[in-house]
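> Numbering (UniProt numbering), first residue to last: 1 to 124.
(1) Taking the C-alpha atoms as reference points, what is the distance between residue 113 and residue 52?
(2) Tell me whether residue 18 is buried or exposed, calling it buried when 16 or more other Cβ atoms sit within 10 Å of its Cβ.
(3) Is the number of C-beta pairs between the stretch 15–29 and the stretch 92–105 that are closer than 8 Å three or more?
(4) Quick one: is residue 75 buried, meaning 16 or more other Cβ sit within 10 Å of its Cβ, or exposed?
(5) Going by C-alpha to C-alpha distance, which of 92, 65 and 46 sits closest to residue 56?
(6) DSSP three-state call for residue 7: helix, strand or coil?
(7) Alpha carbons only, please: which of 41, 7 and 13 is nearest the one belonging to residue 155?
(8) For residue 71, I'd like the list of residues in its chain whose CB is within less than 8 Å of its CB, leaving aside the five on either flank, ordered along the chain.
(9) Ends of the alpha helix (DSSP H) at residue 109?
(10) Have a look at residue 68 and residue 92 and give me their C-alpha separation to the nearest angstrom.
(11) How far does the alpha helix (DSSP H) with residue 78 in it reach, from first residue to last?
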């Protein structure tokens, strides 16, 4: 495999990853904004979600929007840092790198949707 083949494979995988991450960011924002209409706006939403397991104090704003903000930042870094990511490697295989990044992004997307649904269920 030559450098040009390696570069082309990276561009293809990066474009595919960035596209799907953009879709996940859009869905996370839409779900969180929709949940914002139904969620009670309180200073500490955690006791309303799970009264038996009171965690740290977290307002409705941070509870709903922290993961979409982080996903948006990751998406923008992915778009504007393509050349940096092409040179920086953690694993030898690029497919493993993108699979790892996709798992992390999916986990954050799942948590974002899970929080939004939990907040919606309180308000309904």
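Note that the Cβ used here is the ideal one computed from N, Cα and C, for glycine as well.
By the coordinates alone:
(1) 22 Å
(2) exposed
(3) yes
(4) buried
(5) 46
(6) helix
(7) Within the shown structure, residues of the chain are numbered from 1 to 124, placing residue 155 beyond reach of any answer.
(8) 21, 24, 25, 28, 105, 108, 109 and 112
(9) 94–123
(10) 30 Å
(11) 60–80
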